[in-house]
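Protein chains in written order, with the numbering used here: chain C, 1 to 454; chain F, 1 to 454.
For every residue, glycine included, the Cβ atom is placed at its ideal position computed from N, Cα and C.
Bear in mind that the values here come from a model prediction, so they are computed numbers and not experimental data.
Each remark here refers to the structure printed beneath this line.
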């Protein structure tokens, strides 16, 4: 058989609806609580931040939400994304496993993030919004929203964590090329930023501070709303187009996965590939083993507590029930910046509570080792985040070899690493450290979780 | 009509043969001359450097050369590449022109270069070669060959111009991720390198020196051959798959270009998109206006002399008849490193002599201005080299507007700029300088062209 096995869907087969796992779960998600009153919030509470169409999606229990025509039209620039069979990797591993990967790095921003940036920009534009404010850590989300803003003619203001702003000037340049404004956070543009700077003039910033700044700008200005790149239900739902396409492409291959693997930070790319398969199983379809691969340095699913917590460190956001390391948890340095989040998407957390997924934590050195093996066989250089999924898939394939069993493994290659070459340089130079988090700090962070009885 | 208009060929329609323009030209190319004797060389003279299959392609007059199955198999990883109609750009320009672009940045290395790196690696592997030596300036070619070497299991040694080696560590890291060895040139590994270092210990290197090093290594070792990323007939022929696919895709659009635009450095991506259309015209098809866009700082087609010259500064290569600025010409600094070559592919030069193409020189600031406009409308960030073609296409579209005429414009977007963000940063910071070359130095370089009567 040929070395390159690529399954290409005709663009007429771009899914016409996103899939909403909530419709098939045995119990509904826990309510989102107001940060002050601890009472469930309603759509109106979110109206200053999000357009009504997205708020309705956030609370919807409908199984399918139609993808608007103009969104499908923009998706067509890079979708359907290809599904590959990793023949050369299989041969290098000498495994009987059948390894498939969905490649989301073909988007203009190079990751899965535009799958939700585009509809978010569209719905905001439809409701008359002129400007979007958001935060970004490593820069993947900020650049995806900058791209979507360029397409729909929206101004995009990105609060970028200062240490990344300084260390990743090329990500910033990418956002600016698409016309976005990129500001180092903490900034002097918001009260939240000014307060931090007054207290800590040399602050490196954090995702939590940047979220506070973006939320503040959106809440204060009528023409501006907020956009989030992961965690929320509607964001995860937009990503299900990945898994929906994969199902159709695996039909072309006359195959179905025994195992589905994704990396998890906030949970959106993982949900994107996994939820359509979990939903099919819940509706009576084939059982699938679903594996979430997270960084050992920020292990929300494997070491976090399933509890109500804030989404940000500034405690401005609503409380959501999720696996969390506590909002004061600061992970040690590692290169998969997109996976540095103290919590996990509530829907992903719920699937773990329901026993529908399992999770696994990997150190970064093992992940880069897998990424380099993947690049040298399959020819695509993965993002550091995606390397966690590559590691998970390779480990499953090696298990197949050890057990002498051929299983079908599907994983999501959520983005390329073109803007992450420093990490590869550090890996080759032997400079990657697998730094462990501080157990005492984790215990303290968990002890500080909000007390809902209070 | 929809904003995204993408023409996707089924992979069964990847061309089965490359197109050889030589078959349709009204006169044959000028012979290649031995650097010492000035007599035409034969296939045997090239045997130490290239496998026989490539030498035969280099001198072939056959119209079509079949693409081997294993090469088409690897091509299928990213080919057929998409053809887009630039609807959003057309609207921004308010032009009646119909602008199409072929996007070659979808390859694993991010440019058109793998179109020839893959067959070159294949033919070498077939003939028992174990190692390829090559040079790279900005790094596009080196990374493409590193990728192809990984696919076919060949060791790849890349001599990278020292100043690029130091300024572009991420390109080097990309090559190393694919398993290639990347050496700063001049190096201590070759006589050519050691001689330069003895004379100029602080030498920044040049493409000419790096070519000399790679050629020396290939000539001296039985298991090693040399690979070149542009200029040669067989390299240009491998790239014709771009134009062949574009013809089929424009048939899907029920359209045919009035104007074809490409950027030119050594000439390979330009030939790739243009030669199939020029050939069709020569065989009695529709007349096409073909425009080569080159950097004003290194203007071989617009200011060079059509004469025999060396391909390298060390004068180790054969003499070819081409448009040349003289092998001692040193262009001033500019960001499109892939277009810094003193000569032009002999076949491209011949088409200009025959009046089949026209050429145009652009300063880099005007090219980045076009590239940013393209990124903000079409969503893809072009490589600095590709920006020359974008500039040319936009200018043609603006001419259509001025004249009130709708013409079909096709250009080759030969690669993305993910590894060239420093150039965009300099552009946004107002730091890009349009440095002119020294007229006296050009005159001197041209005066030093080899005297064949001697």
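Of the candidates 160/C, 23/C and 13/C, 160/C places its Cα closest to the Cα of residue 205/C. Restricted to the segment 40 to 96 of chain F, the beta strand (DSSP E) segments that are unbroken, complete and at least 3 residues in length are 64 to 66 and 83 to 85, listed in chain order. Assignment of alpha helix (DSSP H) within the segment 321 to 392 of chain C, counting only whole runs of 4 or more residues, yields 346 to 353 and 364 to 378 in chain order. In this structure, residue 43/C lies near residue 59/C, with their beta-carbon atoms less than 9 Å apart. Looking at the backbone, the Cα of residue 289/F and that of residue 407/F are separated by about 11 Å.
Counting only residues of its own chain and dropping the five nearest sequence neighbours on each side, residue 92/C has a CB closer than 6 Å to the CB of 377. A direct Cα-to-Cα measurement between residue 358/F and residue 24/F gives close to 19 Å. When the Cα atoms are used, residue 75/F and residue 315/F turn out to be separated by approximately 35 Å. The Cβ of residue 380/C sits closer than 9 Å to at least one Cβ of chain F. The residue among 420/F, 203/F, 236/F and 394/F with its C-alpha nearest the C-alpha of residue 98/F is 394/F. Note: residue 160/C is bridge-paired with 136/C and 184/C in the DSSP secondary-structure output.
Near chain C, meaning a CB-to-CB distance below 8 Å, the residues of the segment 422 to 434 of chain F are 422, 424, 425 and 428. Taken through DSSP and simplified to helix, strand or coil, residue 298/F comes out as coil. Around the C-beta of residue 322/C, 16 or more other C-beta atoms lie within 10 Å, and the residue is accordingly described as buried.
In the displayed model, residue 250/F falls within a helix according to three-state DSSP.
Here the segment 228 to 247 of chain F makes contact with the segment 115 to 124 of chain F; the two share three or more CB pairs at distances below 8 Å.
With fewer than 16 neighbouring CB atoms inside 10 Å of its own CB, residue 200/F falls in the exposed class. Residue environment for residue 202/F: exposed (fewer than 16 other C-beta atoms within 10 angstroms of its C-beta).
Across the segment 351 to 383 of chain F, CB contacts with chain C closer than 7 Å involve 372, 375, 376, 379, 380 and 381, in sequence order along the chain. Residue 361/C sits close to residue 296/C, with the two beta carbons spaced by under 9 Å.
A Cβ-Cβ contact shorter than 9 Å links residue 184/F with residue 166/F. At a Cβ-Cβ threshold of 9 Å, residue 425/F and residue 173/C count as neighbours. Relative to the Cα of residue 400/F, the nearest Cα in the group 65/F, 259/F, 447/F and 390/F belongs to 259/F. Residue range 268 to 282 is occupied by the alpha helix (DSSP H) that includes residue 272/F, with no beta strand (DSSP E) assigned at that position. Counting of Cβ neighbours within 10 angstroms places residue 2/F among the exposed residues, the total staying below 16.
With its beta carbon less than 9 Å from one in chain C, residue 88/F belongs to the interface. Below the 8 Å Cβ cutoff, chain C contributes 3 and 4 as neighbours of residue 74/F, in chain order.
In summary, the residues of the segment 132 to 152 of chain F whose CB is separated from some CB of chain C by less than 7 Å are 147, 150 and 151, in the order they occur in the chain. For residue 68/F, not one C-beta of chain C is nearer than 9 Å to its own C-beta. Only 169, 170, 171, 172, 173, 174, 176, 177, 178 and 179 from the segment 168 to 179 of chain C bring a Cβ to less than 9 Å from some Cβ of chain F. According to the DSSP assignment, residue 437/F belongs to no alpha helix (DSSP H), since it is labelled neither H nor E.
Using a Cβ-Cβ cut-off of 9 Å, residue 15/C does not count as an interface residue toward chain F, since no Cβ of chain F sits closer than that to its own. Counting only Cβ-Cβ distances below 8 Å, residue 106/C has contacts in chain F at 106, in chain order.
For residue 262/C, the enclosing beta strand (DSSP E) starts and ends at 259 to 263. Residue contact check for residue 110/F against chain C: a CB pair falls below 9 Å. In the structure shown, the three-state DSSP call for residue 408/F is strand.
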